[in-house]
Amino acid sequence: MGGFEAVFLDPVGQTVQQRWADAAMTVAFEDLPPVSAFPVVPGRRWGPSLWWSATTGRHVAAGSNAMRIQLMVLDRDPDVTGLAGRPVRLLWRDPRGQVRSWVPQLFARRTDGTALLADCPGHPAAGGERARKGAEAVAQACADIGWAYRRLLPLDDVLAANLKWLAGYRHPRNAGRPGLTEAALAAFTRPRSLIEGAEAAGDPIEVLPAVFHALWHGRLTTGLDTPLHERVLVGPQGWSDPSKKGGAR
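So this is what it looks like as structure tokens:
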């Protein structure tokens with residue numbers, strides 16, 4: 002397997018096809034629209050939508066609820082600088098010489114300039130044999146140029162619910178009035194319960210959105226493997242709750 006080609010839309014919407022290794026070096030895939038629309042599956046509860054990225058300040062096309070949740074994870078990752086949905090189609094020939102193709106659902110640019118291509122299946126066997134072969138090919142194409150490919154499996158329900166909650170406060174407006182975030186950070190210089198720290202910083206109704214905003218951006222830390230509630234312990238950036246398996250996030 003080899004000889005990979007990339008197909009994508011240029012900034013004016015024209016289809017371009019070129020050698021994959023060349024495109025990977027020169028094309029800012031994180032800035033491109035989907036090369037083809039996400040499919041709409043009749044009867045499915047979740048369909049294509051847009052995700053507003055706190056990393057880029059732009060919308061990213063998402064094809065499913067599973068993909069939206071993975072976008073949340075990557076949008077919160079400090080090593081990610083850009084995100085895009087379905088920006089590139091990969092073409093190659095199988096051992097019989099037939100042209101095959103696959104469009105990874107997600108593209109994430111890393112701070113070191115490399116990238117992650119990923120699919121976001123709703124369950125491990127989603128997509129069947131075609132998805133398995135597509136994943137193998139894309140993984141090889143990425144390995145050839147020093148990038149990575151992954152099938153990002155669904156998160157634990159509690160972790161997913163906590164991320165969804167914090168994601169609701171990702172927009173800068175939730176930082177509040179000048180000085181509010183600084184007061185919230187100061188209130189949690191030592192680990193304490195969420196409500197205790199919020200009350201120490203001011204009116205909890207005003208302070209809590211700023212606390213959740215800081216938790217989303219990693220300026221405060223709490224364990225996300227148990228449901229968030231008013232008595233959950235919150236600490237400063239990088240703090241790890243010793244009572245939580247796997248630490249805080």
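Residue numbers (this note's numbering): 2 to 250. Built from N, CA and C at the ideal position, the CB exists for glycine as well. These numbers come from a predicted model, not from an experiment.
Query raised in the report: Considering ARG151, what are the terminal residues of the alpha helix (DSSP H) in which it resides?
Result: In this chain, ARG151 is not harboured by any alpha helix (DSSP H); it is covered by the beta strand (DSSP E) spanning 149 to 152.
**Report entry** GLU207 - containing alpha helix (DSSP H), residue span
**Finding:** Boundaries of the alpha helix (DSSP H) harbouring GLU207: 205 to 217, taken from the DSSP string.
Query raised in the report: Roughly how many angstroms separate the alpha carbons of ASP11 and THR82, rounded to a whole number?
Result: If I take the Cα positions, the gap works out to 20 Å.
Report task. Starting from GLN141, trace the beta strand (DSSP E) both ways and give me its first and last residue. Result -> GLN141 -> not in any beta strand (DSSP E); alpha helix (DSSP H) instead, spanning 129 to 146.
Report task. Decide if the stretch 196 to 210 is in contact with the stretch 127 to 140; the criterion is three or more beta carbon pairs, one per stretch, under 8 Å apart. Result -> Put simply, the stretch 196 to 210 does not touch the stretch 127 to 140. Fewer than three CB pairs are less than 8 Å apart.
Query raised in the report: Which partner residues does VAL100 have in the DSSP bridge list?
Result: Bridge partners of VAL100: ARG94.
Query raised in the report: Looking only at C-alpha atoms, which of PRO88, MET68 and TRP217 sits nearest to LEU156?
Result: Here the closest residue by C-alpha is MET68.
Query raised in the report: When you compare each of ALA199, ALA119 and ARG151 to ALA188 by their alpha carbons, which one comes out closest?
Result: Shortest Cα-Cα distance from ALA188 to any of ALA199, ALA119 and ARG151 involves ALA199.
Query raised in the report: Are there 16 or more other CB atoms within 10 angstroms of the CB of ARG174, so buried, or fewer, so exposed?
Result: Around the Cβ of ARG174, a 10 Å sphere holds fewer than 16 other Cβ atoms; the residue is exposed.
Report task. Spell out the partners DSSP gives PHE189 in its beta bridges. Result -> Answer is none; PHE189 lacks a bridge partner.
Requested in this report: Pair every Cβ in the stretch 146 to 154 with every Cβ in the stretch 110 to 129, then say whether three or more of these pairs are closer than 8 Å.
Outcome: Of all C-beta pairs linking the stretch 146 to 154 to the stretch 110 to 129, three or more are shorter than 8 Å, placing the two stretches in contact.
Query raised in the report: By a C-beta neighbour count over all protein chains shown, 10 Å radius and 16 as the cutoff for buried, is VAL42 buried or exposed?
Result: When all chains shown are included, VAL42 counts as exposed.
Query - Distance between ASP113 and GLY147 (C-alpha atoms, nearest Å) - result: So the two alpha carbons sit approximately 11 Å from each other.
Query raised in the report: With a CB to CB cut of under 7 Å and the five nearest residues on each side skipped, what residues in its chain are close to LEU167?
Result: Taken in chain order, the residues that qualify are PHE213, LEU216 and TRP217.
Report task. Enumerate in chain order the residues of its own chain whose CB-to-CB distance from LEU181 is below 8 Å, with the five nearest sequence positions on each side excluded. Result -> ALA202, GLY203, GLU207, VAL208 and ALA211.
Query raised in the report: Among GLU6, TRP53 and LEU51, which has the Cα closest to the Cα of ALA25?
Result: Relative to the Cα of ALA25, the nearest Cα in the group GLU6, TRP53 and LEU51 belongs to GLU6.
Query raised in the report: Got a sec? Which residues, its chain only, sit under 7 Å from GLN106 by beta carbon, not counting five neighbours each side?
Result: Cβ within range, chain order: GLY64, MET68, GLY86, ARG87, ALA119, ASP120 and CYS121.
**Report entry** For PHE9 and HIS18, the rounded distance between their alpha carbons
**Finding:** For the sequence presented, residue 18 should be read as Gln rather than His. Approximately 7 Å between the Cα atoms of the pair.
Requested in this report: State buried or exposed for ALA161, treating a residue as buried only when at least 16 other CB atoms are found within 10 Å of its CB.
Outcome: The residue in question, ALA161, is buried, as its Cβ has 16 or more Cβ neighbours within 10 Å.
Query raised in the report: Using a Cβ-Cβ cut-off of 7 Å (strictly less than) and excluding sequence neighbours within five positions of TRP21, which residues of its own chain qualify?
Result: Cβ neighbours of TRP21 beyond the five flanking positions: PHE5, GLU6, ALA7, LEU91 and ALA142.
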